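Chemist: Mind looking over this structure? Questions follow.
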Amino acid sequence: MGSTNHKSIMKGKLMNTMLNQDHLPLWEAISAYRDKGAARLHMPGHKGSAGFPEPLRSAWGTLADFDITELAESDDLYDPVGPLRESQRLLADLYGCAESFYLVNGASVGLIAALLASTQGQSNGGCQKVLLPREAHRSLWHGCVLADLWPVCAEIFVEEESAVALPPSLEALETVLMANPDLKAAVMLHPSFYGLTGDLQPQVALLHEHGIPVIVDEAHGAHMRFLPQPLMDGLQCGADVVIQSPHKTAGSLTQTAWMHSSGGLIDSANLHAALRLLHTSSPSFPLLLSLEAARRQLALEGTQLWSDTMARVARLQLQIARSDKLTTLSGWLPPVLGKRRDPSKMYILTRGAGYSGHKAAELLRSWGVSAELADAGGVLLMFSPGDTDATFEILSETLARLDEYALPAINPLMGLNKWPQLQRLLSPRQAWQSTTKAVSLTQATGRIVAEVIAAYPPGVPLISPGELITDEVVEIITEMLPRIPGGIKETLQIKVVDE
Ligand SMILES: Cc1ncc(COP(=O)(O)O)c(C=O)c1O
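Be aware that the sequence shown starts at 27, since it is given in the working numbering, and climbs by one per residue.
What follows is the structure, encoded as structure tokens:
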């Protein structure tokens, strides 16, 4: 790899980086080790390609040669002094933050680590309050169990036609802050699974005014600043810690993620300690190498690649706009939210065409197209620079087919904007540690729930472990049963704490 001036080879908009983003220190170090041909009297047991079992050896070529352990040549993820330190430094340079961390257990491990780190040393054994997004990813609930946290959420609103959850308003956040002056940390979702982002910057500022550290779940947002019309990401909005899953929207392998720290209100030593606590002691070097390569690709080509992809998405959007049956979420959003929507996510509402998203996904699948998500209201397609012209051609043809497809009308979605008032009686950890049993929905009032019950769309929990089941909750769950995945539709039973 030459030492070309990094700015001269970046296509499109220049990134404001200080280091040579063309550099792949970890790749170079491990390649050099492989080329040396040293006798590998160390882990892992396959010892490189020679001992790699079939069919993996034939299918994956020399990948196993790069699957090594912590050596002087490869460095140690938890105490990096060589290529891994340099590689993570390049990542921090790209995003313009104080420190970046490679993660080998997805954004999930980053979110749990950030919760642990932000609340470390804040109490003498008592349960501490944190603000979570109402549609929090399950890892955040797991983080509450592990760190013994008491989650509170801002009020949720959904867009009526699509039933997609809207980002919380500043007013809703102010209300939570007034009611909970003892919040120790806040997690903001940005963007949501459906690609919506709120007005994060003033919200981070408000939370900081109250001295509350802000963690941003940006699992779906590693690419946002590389879009042709860039969306401000969590770091640019002033957050303390931002967790991104480049495996979702950039080019790294599944299970990888990275975490950025602005050097603000969450202590770096706490972040290091929390990651050591949660991570495997044998991080996979192929995963780490894929993170390094994804960083380099974003830095050198991200803007150009995303600009090409968005031009293709825009053409598809025009095709759907001509349909009188299919619509996309963009058409239903208030303009201010529409502008802040990630265009790489396309949620196609199918109810207007008379069928559910599940049916649409089934048809698309039979025609050779796999959607990211299907729910009662529509299908969600995710685009990235990995989608070629051929992919867009197939998609264009299949969407035209879907548009022509006539199916009997279905019942409209029910109870789109109805959310129960919830009361928490146990922390998620207490609910986790309690014995549980299944009871019929009709006998559930007055019990404490021990599982998450969520309706899709919008994928927001109607109730979560530790909360009290009321008549209102039972009524709403019953009404939304067709939209709740899992066995509850058949059993009509709910898992509760056995008191
Ligand atoms: C909003 C959100 N946050 C966090 C995660 C966890 O990410 P990962 O799969 O990288 O652990 C997901 C995964 O789907 C997610 O959708």
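We treat Cβ as the ideally placed atom computed from N, Cα and C, and that holds for glycine. Quantities reported herein were computed from a predicted structural model and do not represent experimental measurements.
Do you know offhand how far residue 193's Cα is from residue 355's?
Modeler: Looking at the two C-alpha atoms, the distance is approximately 14 Å.
Chemist: Is DSSP giving residue 373 helix, strand or coil here?
Modeler: Residue 373: strand per DSSP, three-state reduction.
Chemist: Considering residue 311, what are the terminal residues of the beta strand (DSSP E) in which it resides?
Modeler: Premise fails: residue 311 lies in the alpha helix (DSSP H), 311–347, not in any beta strand (DSSP E).
Chemist: Return the residue from the list 62, 334, 116 and 422 that minimises the CA-CA distance to residue 45.
Modeler: That would be 116, whose Cα lies nearest to the Cα of residue 45.
Chemist: Would you say the beta carbon of residue 127 is closer than 6 Å to some non-hydrogen atom of ligand 1?
Modeler: Because no heavy atom of ligand 1 lies under 6 Å away, the Cβ of residue 127 does not count as near it: no.
Chemist: Roughly how many angstroms separate the alpha carbons of residue 89 and residue 312, rounded to a whole number?
Modeler: If I take the Cα positions, the gap works out to 7 Å.
Chemist: Residue ranges of each alpha helix (DSSP H) run of no fewer than 4 residues wholly in the stretch 258–308, ordered along the chain?
Modeler: Counting only runs of 4 or more, we get 272–275 and 294–304.
Chemist: Ordered along the chain, which non-local residues of its own chain (more than five positions away) have a Cβ less than 7 Å from that of residue 427?
Modeler: Excluding residues within five positions, the ones whose Cβ falls inside 7 Å are 393.
Chemist: Taking 7 Å as the threshold (C-beta atoms), are residue 478 and residue 191 in contact?
Modeler: No.
Chemist: Could you name the residues that DSSP lists as bridge partners for residue 127?
Modeler: Bridge partners of residue 127: 285.
Chemist: What number of angstroms, rounded off, separates the C-alpha of residue 571 from the C-alpha of residue 333?
Modeler: With the chain running from 27 to 525 in the structure shown, residue 571 is simply not present.
Chemist: As an exercise, report each continuous alpha helix (DSSP H) stretch of at least 4 residues that is fully enclosed by the stretch 82–108, in chain order.
Modeler: List check, alpha helix (DSSP H) in window: 82–86.
Chemist: Taking the beta carbon of residue 271 as the centre, do at least 16 other beta carbons fall within 10 Å, making it buried, or is it exposed?
Modeler: Buried, because 16 or more other Cβ atoms sit within 10 Å of the Cβ of residue 271.
Chemist: Just to check my reading of the structure: residue 425 and residue 130 have Cβ atoms closer than 8 Å, yes? What is that Cβ distance to the nearest angstrom?
Modeler: Actually they are not in contact, since the Cβ atoms of residue 425 and residue 130 sit about 37 Å apart, beyond 8 Å.
Chemist: Taking the continuous alpha helix (DSSP H) assigned at residue 44, which residues delimit it?
Modeler: Segment: none, residue 44 is in no alpha helix (DSSP H) and carries neither H nor E.
Chemist: Whose C-alpha, out of 268, 159, 127 and 83, is nearest the C-alpha of residue 103?
Modeler: Taking only the C-alpha atoms, the option nearest residue 103 is 127.
Chemist: So does residue 134 have its beta carbon nearer than 6 Å to some heavy atom of ligand 1?
Modeler: Yes, since a heavy atom of ligand 1 falls inside the 6 Å radius drawn around the Cβ of residue 134.
Chemist: Between 491, 519, 377 and 446, which lies nearest to residue 189 when the distance is taken from Cα to Cα?
Modeler: Considering only alpha carbons, the answer is 377.
Chemist: Please give me, in chain order, every unbroken run of the beta strand (DSSP E) with length at least 3 that falls completely inside the stretch 450–487.
Modeler: Qualifying beta strand (DSSP E) stretches, in chain order: 462–466 and 479–481.
Chemist: What first and last residue would you give for the alpha helix (DSSP H) that runs through residue 227?
Modeler: Unbroken alpha helix (DSSP H) run through residue 227: 226–235.
Chemist: Under 8 Å: do the stretch 485–500 and the stretch 197–211 share three or more Cβ pairs, one atom per stretch?
Modeler: As far as the Cβ criterion goes, the stretch 485–500 does not touch the stretch 197–211, which means the pair count is below three.
Chemist: In this structure, how does DSSP classify residue 160 when only helix, strand and coil are distinguished?
Modeler: Note: residue 160 maps to coil in three-state DSSP.
Chemist: Ignore the nearest five residues each way along the sequence and tell me which others in residue 449's own chain have a CB closer than 7 Å to its CB.
Modeler: Closer than 7 Å at the Cβ level, and outside the excluded window around residue 449, lie 493 and 494.
Chemist: Among the candidates 183, 182 and 165, whose CA atom is the shortest distance from the CA of residue 175?
Modeler: It is 165 whose Cα lies nearest to the Cα of residue 175.
Chemist: Can you check whether the CB of residue 367 is closer than 7 Å to the CB of residue 261?
Modeler: In this structure, residue 367 does not lie closer than 7 Å to residue 261 by Cβ.
Chemist: Within 10 angstroms of the Cβ of residue 508, are there 16 or more other Cβ atoms? Answer buried if so, exposed if not.
Modeler: Residue 508 should be labelled exposed.
Chemist: Taking Cβ positions, are residue 488 and residue 474 nearer each other than 7 Å?
Modeler: Not a contact, by the Cβ cut-off of 7 Å.
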